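If you use the working numbering, the sequence shown corresponds to residues 502 to 838, in order.
Heads up, the beta-carbon is just placed ideally off N, CA and C, and yes, glycines get one too.
The model shown is predicted, which means the values in this text are computed figures rather than measured ones.
What follows is a set of notes on a single structure, which appears directly below.
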Amino acid sequence: MIVLGIETSCDETSAALVEDGRSILSNIVASQVDIHSPYYGVVPEIASRKHVEWIVPVITDAFNAAGVEKEDISAIAVTYKPGLIGSLLVGLSFAKGLAASLNIPYIGVDHIHAHLYAPHLEQDISYPYIGLLVSGGHSLITYVRNFDDFDVLGTTIDDACGEAFDKIAKFYEMGYPGGVVIDRISQKGDPRAFSFPFPSLHKGDHKYDVSYSGLKTAVANQLDKFWNKKYEKSIENIAASFQKTAIDIMVNRVLKAVEDTGLRKIVAGGGVAANSYLRKRLNEESGLEVIFPSSILCTDNAAMVAGLGYHYLLRGNKSDFKMNAEARVPLFRNIYP
Ligand code: KG4
Ligand code: ZN
């Protein structure tokens, strides 16, 4: 079964053709990074306008790259939540129109579930595991039982992990997207130059939660206080020290979840899962199986949407034309145990 995936939840216009939830025939990602870069962040109105302009060429490219005709697809999967409402509506409306004209079913999928599914496109991964979703919009530590069944153990109480990278990069005018730039600059810096603070959240309901607002304030406003005087206050040292702290905060809580649940497998996804220090840190943890998708499947892409959609469709699920886009989703949090 070939499924067309469409992803327009934020600032990437993406279309993919995926066979049987696994085999990627094409995965076109048109990034708006250059357009939003002068603003150091995504401008929602510009993002939705670009999706409108780009969606037809991107879908056409996806069909051409796969060598597939429209008549060959069995269904369409599209991200309908969460994300920027105007952006989501472009993909969702297009999916509905195309499904109606081809007389095939379509299924709306959750962007968070799709990120967690992304690593399954590249390898066989058995459930259950600890799913780590770290992106510009989300920071979730989850107990994953199946493609549509997970409990949120912990999340951020303020900024998402990627958002913290983006904000620090904006503050120091390092470039955009912040995570990519900080990861690159950090290679030349010393992570011991600053000892930025860790949040102290780790009690009761917040056992697996993270927070980035304190770190952000420390990095932005109080460099002198945390500076190790043996080092230069260079942008590389600031980036490396920030990156180490931001990732260590997350890894610390993930390892707590591993310890408490007894699950020895971690599967990561989302833009920040491309971070080189995160990959190194988790891969060095002995006795743990750690799975990261390749970089293109970490950041927003339609292959993960098509791959996940296939499993719903196989079960007979499909969406009706009344489905609406949703900007936010409530997080169903289960406190472990
Ligand atoms: O998953 P994604 O493309 O979009 C969302 O759903 O949010 O993630 C984008 C986020 C941005 O905040 C970006 O700065 C961050 O992922 N990011 C990284 C890296 N590459 C992208 N953060 C840290 N290190 C990276 N190498
Ligand atoms: Zn995403």
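Item, Value
"Using 8 Å for Cβ pairs, my map puts V530 next to N802. What's the rounded Cβ distance?", "5 Å"
"Strictly closer than 5 Å from CB to any heavy atom of ligand 2: give me those residues in the order they appear in the chain.", "S636 and D801"
"Grab the span of the beta strand (DSSP E) containing R646 for me, first residue to last.", "S640 to N647"
"In the DSSP assignment, what residue or residues form a beta bridge with L634?", "L641 and G770"
"Label P620 either buried or exposed according to how many other C-beta atoms from any shown protein chain fall within 10 Å of its C-beta, with 16 as the threshold for buried.", "buried"
"Say yes only if the C-beta of P678 is nearer than 8 Å to one or more non-hydrogen atoms of ligand 1, and no if none qualify.", "yes"
"Per the DSSP calculation, F651 is bridged to which residue(s)?", "V645"
"By how many angstroms is the C-alpha of E785 removed from the C-alpha of A548?", "38 Å"
"Is the beta carbon of L518 sitting closer than 9 Å to the one on A807?", "yes"
"Using CA coordinates, which residue listed in Y644, Y581 and V559 is at the minimum distance from D821?", "Y581"
"Helix, strand or coil for F695 per DSSP?", "strand"
"How far does the beta strand (DSSP E) with E513 in it reach, from first residue to last?", "E513 to E520"
"In whole angstroms, what separates the C-alpha of K823 from that of P606?", "13 Å"
"Alpha carbon to alpha carbon, how far is I503 from A576? Give it in angstroms, no decimals.", "7 Å"
"For N776, count neighbouring Cβ atoms within 10 angstroms of its own Cβ and tell me buried if that reaches 16, exposed if not.", "buried"
"Would you say the segment 687–700 touches the segment 647–657, given that touching needs at least three Cβ pairs under 8 Å?", "no"
"N565 to K668, Cα distance in whole Å?", "38 Å"
"I'd like to confirm the pairing. Which residues does DSSP put opposite K582 in its beta bridges?", "D611"
"Among all the DSSP beta bridges, which residues are the ones paired with S575?", "Answer by DSSP bridge pairing: none, since S575 is not bridged."
"With H, G and I counted as helix, E and B as strand and the rest as coil, what does DSSP make of G676?", "coil"
"Ignore the nearest five residues each way along the sequence and tell me which others in I686's own chain have a CB closer than 8 Å to its CB.", "M675, I736, E737, A740 and A741"
"Where DSSP assigns a beta bridge to T718, which residues make up the other side?", "Answer is none; T718 lacks a bridge partner."
"Does the beta-carbon of A596, which I'm using as the reference point, lie nearer than 8 Å to any heavy atom of ligand 1?", "no"
"Any heavy atom of ligand 1 closer than 8 Å to the Cβ of E664?", "yes"
"Name the one or two DSSP bridge partners that A826 has.", "Paired residue(s): none; A826 is not in a bridge."
"So, is Q533 buried or exposed, given that buried needs 16 or more other C-beta atoms within 10 angstroms?", "buried"
"What number of angstroms, rounded off, separates the C-alpha of K766 from the C-alpha of T643?", "12 Å"
"Looking at the secondary structure, which residues open and close the alpha helix (DSSP H) in which I525 lies?", "I525 -> not in any alpha helix (DSSP H); beta strand (DSSP E) instead, spanning S524 to S532."
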